[in-house]
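*Asks:* Mind looking over this structure? Questions follow.
Protein chains: 2
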Amino acid sequence: MRDLLVVGGGIIGLAVAWRALGAGLSVTVLDPDAGDGATRAAAGMLAPATEAEFTEDAALALHLAAAGRWLTFAADLEAAAGTGVGLRESGTLTLAYDDTDAALLRRLLALQARHAVSSRALTIAEARRHEPLLGPRLSGAAWVPGDHAVDPRAVHAALQRAIADGHGAVVPRAAVRLARHEGRVVGALDDAGRVHRAGSTVVAAGWASAPLLADLPEVTVPVRPVKGQTLRLQTDPDLAPRHVVRGLVQGRPVYVVGRSPATEGPWAGHCEIVVGATTEENPDDRRATAGGVFALLRDARALLPAIDEAALVEVTPRARPATPDNLPLVGPTHVPGLHLATGHHRNGILLAPLTAEIVVAGLTGSWFDVDVTRADPPTLLAALRASDPRRFPSPDPDTRRTDGGPR
Amino acid sequence: MRDLLVVGGGIIGLAVAWRALGAGLSVTVLDPDAGDGATRAAAGMLAPATEAEFTEDAALALHLAAAGRWLTFAADLEAAAGTGVGLRESGTLTLAYDDTDAALLRRLLALQARHAVSSRALTIAEARRHEPLLGPRLSGAAWVPGDHAVDPRAVHAALQRAIADGHGAVVPRAAVRLARHEGRVVGALDDAGRVHRAGSTVVAAGWASAPLLADLPEVTVPVRPVKGQTLRLQTDPDLAPRHVVRGLVQGRPVYVVGRSPATEGPWAGHCEIVVGATTEENPDDRRATAGGVFALLRDARALLPAIDEAALVEVTPRARPATPDNLPLVGPTHVPGLHLATGHHRNGILLAPLTAEIVVAGLTGSWFDVDVTRADPPTLLAALRASDPRRFPSPDPDTRRTDGGPR
């Protein structure tokens with residue numbers, strides 16, 4: 001029996017597993033296709049400021065805290081795994097295509113100023129100096145120096161390696177249901193009929209956490225799949241953007257994330273570019289659609305016409321785990337032994353290190369240090385409370401417990 | 001030693017091989033990846049009328065003769081192979097997007113009338129009755145009842161099967177150079193060092209015919225690669241077009257070919273839709289580009305917006321063999337034992353049966369019957385002469401022969 005079973009081997013599950021190993025726990029991860037969920041589609045923006053939505057202060061506080069954790073997390077992980085994670089600290093250029101987009105961009109800048117996020121308006125000429133490949137039609141620009149990007153697939157590969165080196169096990173099987181004993185969750189049954197027993201279980205299965213936990217009357221896991229499609233292009237380095245480029249194009253958000261040139265493989269000497277992402281209230285059907293690909297290319301080439309010359313090498317349709325209040329579900333549940341780490345929607349990469357710290361603190365009873373970079377501690381504490389999985393009422397009032405509210 | 005070696009196992013090479021087997025010849029085909037060239041990208045339109053270019057009477061005559069051969073060829077092949085070739089005799093709807101496109105469409109209709117091709121202008125309302133899924137903006141429409149489509153991959157698979165049943169051999173090796181003996185071509189050397197000897201050799205290697213024959217001073221093979229990209233979508237039958245839909249969208253040609261619902265496989269119950277095709281003066285780099293995919297989707301959805309909902313399952317970039325005068329190279333060369341069947345550019349599927357007949361007539365010395373459907377015999381004879389591979393001057397005047405002109 002292990003100390004910890006993690007159900008789901010995406011970036012969230014593996015970050016939890018790796019940090020738990022570091023805290024001295026023995027860990028098994030269960031996933032038939034680790035990293036093939038939302039992690040595979042993600043572009044890897046670490047963008048608390050440019051992802052900020054109006055009226056979502058708690059989410060912004062979480063995102064700022066998460067961004068503050070990332071540099072340490074990346075350095076630790078690269079040291080542990082001996083491989084890079086593709087962190088590029090090159091800042092983000094945000095663009096507005098038409099006048100309505102420019103008005104929205106000004107509102108975003110005002111929001112960022114209120115939260116002491118470093119950002120500033122640029123003239124179009126200044127924006128072109130940052131990024132010479134910009135298209136002819138632009139109505140506004142802003143510079144967000146602290147919003148960066150990592151390569152989620154490189155992070156995931158590094159986590160797998162670090163977990164293996166730390167004697168964690170990643171079992172390529174699907175969890176079909178949780179195992180319970182006297183009310184406590186004591187592990188999970190896999191699709192080969194084997195029970196993986198553990199002192200604690202963390203469900204980090206993205207949107208699939210909801211069906212997996214559907215038969216537990218004490219917990220409500222209102223995560224739903226929200227499909228997103230991303231494109232992967234390959235281009236000569238001189239046609240790749242130098243920074244993360246985000247934009248509003250006739251009201252539609254789009255981003256273009258360029259990576260450093262590859263040093264090996266079939267695209268050695270080329271730069272990967274990720275264009276994303278559609279947001280569709282659709283299930284995880286893994287289908288690229290003509291309309292989704294068209295919309296991404298249309299909006300990305302409005303900002304960066306040079307992508308026309310790039311090779312289109314992959315369309316990646318996956319579903320994110322969305323929640324009703326746009327906050328994740330991170331921490332213990334009403335059921336002893338059961339913790340959640342899901343519901344991260346568009347921000348799973350950004351939130352992975354912070355989520356791992358919170359979950360491991362909850363597992364080990366250790367102190368979680370909220371005094372982190374780029375977030376106001378009282379606001380962050382409120383945000384962590386707001387992300388408590390117990391905030392949604394249980395479907396069965398008889399099974400609700402009163403001793404387990406937010407702490 | 002075989003009677004015939006065919007270098008190149010695309011639809012042209014296999015059609016020649018199959019018809020040669022039928023004429024009693026023993027045949028070997030050499031191709032490391034049969035069917036993975038232009039055949040793989042092709043949509044399969046049998047469209048002599050809507051592919052007609054102005055001032056190219058010879059090409060139109062060839063295309064009309066070729067279309068006249070297709071119904072018999074398809075029936076023969078289906079009977080021989082025991083599998084379908086996806087022939088859909090549902091006609092072609094041609095659309096004009098804006099007023100300039102409509103003017104061009106009227107000129108095309110006039111050209112077709114001069115050549116006694118059955119076609120007629122439609123009102124937009126009539127066009128919508130043919131095809132209810134048409135987009136909101138259209139400036140003109142025409143109906144071409146005799147332009148149909150086949151599934152090139154199904155044709156290729158049927159040819160492979162029929163050739164195997166006829167004891168022809170398809171050897172999965174590349175020809176690296178032709179073998180010669182006393183001036184005659186007597187086969188080819190493959191990339192494993194094996195010589196395949198044959199009484200006659202037909203080079204049907206698409207654009208790669210040019211480099212293969214570059215060191216033969218007696219022949220000039222001015223075929224060049226012209227890259228084309230096509231898209232393959234899958235959709236519910238009620239969102240698939242009923243007919244071949246072609247269009248001019250702001251001067252750019254685009255086509256949408258729908259197939260009958262699949263009866264098996266992962267897309268059973270769905271209809272494949274092929275959207276094509278880009279025309280790029282680029283080598284055969286096998287790279288889908290963001291700009292190419294964007295342009296195809298933009299123009300296709302201008303005609304048929306419902307394709308937005310379709311799954312995008314494949315982008316297929318391949319190069320066609322183009323010639324300086326837009327006519328193929330079909331028939332014997334100045335070199336004894338060497339025949340050509342290449343240079344078909346955008347019309348390889350349409351021209352495959354006719355090409356096979358011409359080449360086999362040349363191989364066996366038999367009579368080629370020009371009295372075929374939909375083409376005026378004297379015009380067709382002139383077109384066949386115009387497709388003679390010996391029409392291009394040899395680079396080395398000493399090796400030019402005067403006894404082998406068009407006959």
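Those protein sequence lines, which keep their order, are chains A and B. With full-length UniProt numbering, you'll find the first sequence wraps up at 407, consecutive numbering, no jumps. With full-length UniProt numbering, you'll find the second sequence wraps up at 407, consecutive numbering, no jumps. We put the beta carbon where it would ideally sit given N, CA and C, even for glycine.
List the endpoints of the continuous alpha helix (DSSP H) containing B/D215.
*Replies:* Here residue 215 of chain B refers to the residue found at position 215 when the second sequence is read from its first residue. Where B/D215 is concerned, there is no enclosing alpha helix (DSSP H), given that its DSSP letter is neither H nor E.
*Asks:* What residue range is occupied by the uninterrupted beta strand (DSSP E) comprising A/L93?
*Replies:* The sequence position of residue 93 of chain A within the first sequence is 93, counting from 1. Taken as a continuous stretch (DSSP letters only), the beta strand (DSSP E) holding A/L93 covers T92 to A96.
*Asks:* Which first and last residues belong to the alpha helix (DSSP H) in which B/E357 is found?
*Replies:* Position 357 of the second sequence, counted from the start, is the residue given in the question as residue 357 of chain B. Note, B/E357: alpha helix (DSSP H), G348 to T364.
*Asks:* What is the DSSP secondary structure of A/S260, reduced to helix, strand or coil?
*Replies:* If you number the first sequence from 1, residue 260 of chain A lands on position 260. Correct three-state label for A/S260: strand.
*Asks:* Fully enclosed by the segment 269-318 of chain A, which beta strand (DSSP E) runs are 3 residues long or longer?
*Replies:* DSSP runs (the beta strand (DSSP E)) wholly in the segment 269-318 of chain A: 271-276.
*Asks:* At which residues does the beta strand (DSSP E) containing A/R197 begin and terminate?
*Replies:* On the first sequence, position 197 is the one that residue 197 of chain A refers to. First-last of the beta strand (DSSP E) with A/R197: V195 to V203.
*Asks:* From what residue to what residue does the beta strand (DSSP E) around A/T100 run?
*Replies:* Mapped onto the first sequence, residue 100 of chain A falls at position 100. It is not in any beta strand (DSSP E) - A/T100 instead sits in the alpha helix (DSSP H) that spans D99 to R114.
*Asks:* Taking its Cβ as the centre, do 16 or more other Cβ atoms sit within 10 Å of A/R390, making it buried, or is it exposed?
*Replies:* Translated into positions along the first sequence, residue 390 of chain A becomes position 390. Counting Cβ neighbours within 10 Å, A/R390 comes out buried, since at least 16 surround it.
*Asks:* Across which residues does DSSP place B/G84 in a beta bridge pair?
*Replies:* Sequence index remark: in the second sequence, residue 84 of chain B carries index 84 (1-based). BP columns for B/G84 are empty, so no partner.
*Asks:* Quick one: what does DSSP say B/T373 is sitting in, helix, strand or coil?
*Replies:* On the second sequence, position 373 is the one that residue 373 of chain B refers to. Since pLDDT at B/T373 reaches only 49, below the 50 mark, its modelled position is unreliable, and the value read off the structure follows with that caveat. Coil, per DSSP.
*Asks:* List the residues of chain A that B/R301 touches, going by C-beta distances under 9 Å, in chain order.
*Replies:* Position 301 of the second sequence, counted from the start, is the residue given in the question as residue 301 of chain B. The contacting residues are A290, G291 and F294.
*Asks:* Is any heavy atom in the ligand MN found nearer than 6 Å to the beta carbon of A/E131?
*Replies:* Absent from the structure shown: the ligand MN. Ligands present: none.
*Asks:* Comparing C-alpha positions only, which one of B/G140, B/A47 and B/P152 sits nearest to B/D36?
*Replies:* If you number the second sequence from 1, residue 36 of chain B lands on position 36. When only C-alpha atoms are compared, the closest one is B/P152.
*Asks:* Using a beta-carbon distance below 7 Å, is B/D308 in contact with chain A?
*Replies:* Translated into the one-based positions of the second sequence, residue 308 of chain B becomes position 308. B/D308 has a beta carbon lying within less than 7 Å of a beta carbon in chain A.
*Asks:* Under 7 Å between C-beta atoms, does A/A311 make it to chain B?
*Replies:* Indexing the first sequence from 1 puts residue 311 of chain A at position 311. At a cut-off of 7 Å, the C-beta of A/A311 has a neighbouring C-beta in chain B.
*Asks:* By how many angstroms is the C-alpha of A/T323 removed from the C-alpha of A/T39?
*Replies:* Against the first sequence, residue 39 of chain A aligns to sequence position 39. Against the first sequence, residue 323 of chain A aligns to sequence position 323. Approximately 17 Å, taken between the alpha carbons.
*Asks:* Quick one: Cα of B/T279 to Cα of B/E264, how far?
*Replies:* Residue 279 of chain B sits at position 279 when you count from the first residue of the second sequence. Residue 264 of chain B sits at position 264 when you count from the first residue of the second sequence. For B/T279 and B/E264, the distance between alpha carbons rounds to 33 Å.
*Asks:* Is DSSP giving A/P253 helix, strand or coil here?
*Replies:* The residue given as residue 253 of chain A occupies position 253 in the first sequence. Strand, per DSSP.
*Asks:* Go through its chain and collect everything with a Cβ distance to A/G82's Cβ below 8 Å, but skip five positions before and after it.
*Replies:* Mapped onto the first sequence, residue 82 of chain A falls at position 82. Once the five neighbours on either side are set aside, the close Cβ partners of A/G82 are R161.
*Asks:* Are any of the Cβ atoms in chain A nearer than 7 Å to that of B/L134?
*Replies:* As a working mapping, residue 134 of chain B is identified with position 134 in the second sequence. So no, B/L134 is outside the interface.
*Asks:* With 9 Å as the C-beta to C-beta threshold (strictly closer), list the residues of the segment 241-253 of chain A near chain E in chain order.
*Replies:* Looking at the structure shown, chain E is missing, and the protein chains on hand are A and B.
*Asks:* So, using beta-carbon positions, are B/H310 and B/R19 closer together than 7 Å?
*Replies:* Residue numbering aside, residue 310 of chain B sits at position 310 when the second sequence is read from its first letter. Residue numbering aside, residue 19 of chain B sits at position 19 when the second sequence is read from its first letter. Sequence check: residue 310 of chain B is Ala here, not His. Not a contact, by the Cβ cut-off of 7 Å.
*Asks:* Write down the C-beta distance between B/D191 and B/R252 rounded to the nearest angstrom, noting that I regard them as a contact closer than 8 Å.
*Replies:* For this step, residue 191 of chain B is matched to residue 191 along the second sequence. For this step, residue 252 of chain B is matched to residue 252 along the second sequence. B/D191 to B/R252, Cβ: 39 Å. No contact.
*Asks:* Looking at the C-beta of B/R407, does it have a partner C-beta in chain A at a distance below 7 Å?
*Replies:* Numbered from its first residue, the second sequence carries residue 407 of chain B at position 407. Since pLDDT at B/R407 reaches only 36, below the 50 mark, its modelled position is unreliable, and no value is offered.
*Asks:* Using a Cβ cut-off of 7 Å (strictly closer), state whether A/L111 contacts chain B.
*Replies:* As a working mapping, residue 111 of chain A is identified with position 111 in the first sequence. It does not: the Cβ of A/L111 has no partner Cβ on chain B nearer than 7 Å.
*Asks:* Smallest Cα separation from A/P317: which of A/H148, A/A141 and A/T289?
*Replies:* Residue numbering aside, residue 317 of chain A sits at position 317 when the first sequence is read from its first letter. With distances taken between Cα atoms, A/P317 lies closest to A/T289.
*Asks:* Which of the residues in the segment 207-233 of chain B, read from start to end, lie with their CB under 9 Å from any CB of chain A?
*Replies:* L231 and L233
*Asks:* Looking only at its chain, what residues have a beta carbon closer than 6 Å to the beta carbon of A/S26, apart from the 5 residues adjacent to it on each side?
*Replies:* The residue you call residue 26 of chain A lines up with position 26 of the first sequence. Contacts found: R2 and D3.
*Asks:* Kindly say whether A/L304, judged by its beta-carbon, lies nearer than 7 Å to any beta-carbon of chain B.
*Replies:* Here residue 304 of chain A is taken as the residue at index 304 of the first sequence, counted from 1. A/L304 does not count as touching chain B.
*Asks:* Have a look at B/T92, B/V274, B/P328 and B/R177 and flag the residue whose alpha-carbon is nearest the alpha-carbon of B/A142.
*Replies:* The residue labelled residue 142 of chain B in the question sits at position 142 within the second sequence. Ranking the options by Cα distance to B/A142, first place goes to B/T92.
*Asks:* Looking at the secondary structure, which residues open and close the alpha helix (DSSP H) in which A/R129 lies?
*Replies:* In the first sequence, the residue the question calls residue 129 of chain A occupies position 129. Taken as a continuous stretch (DSSP letters only), the alpha helix (DSSP H) holding A/R129 covers I124 to H130.
*Asks:* Among the candidates A/N326, A/V176, A/V254 and A/G269, whose CA atom is the shortest distance from the CA of A/F294?
*Replies:* The residue labelled residue 294 of chain A in the question sits at position 294 within the first sequence. Nearest option by C-alpha distance: A/V254.
*Asks:* Starting from the Cα of A/L62, find the closest Cα among A/G362, A/W367, A/S366 and A/P353 and give me that residue.
*Replies:* Position 62 of the first sequence, counting from 1, holds the residue named residue 62 of chain A. Comparing Cα positions, the closest option is A/P353.
*Asks:* What does B/V315 reach in chain A if we use C-beta pairs closer than 7 Å?
*Replies:* As a position in the second sequence, residue 315 of chain B is number 315, starting the count at 1. Chain A residues near B/V315: L312.
*Asks:* DSSP has B/H339 in a bridge; who is on the other side?
*Replies:* On the second sequence, position 339 is the one that residue 339 of chain B refers to. Paired residue(s): B/V202 and B/P332.
*Asks:* Taking Cβ-Cβ distances shorter than 9 Å, what residues in chain B pair up with A/L297?
*Replies:* On the first sequence, position 297 is the one that residue 297 of chain A refers to. Neighbours of A/L297 on chain B, chain order: A290, G291, V293, F294, L297 and R298.
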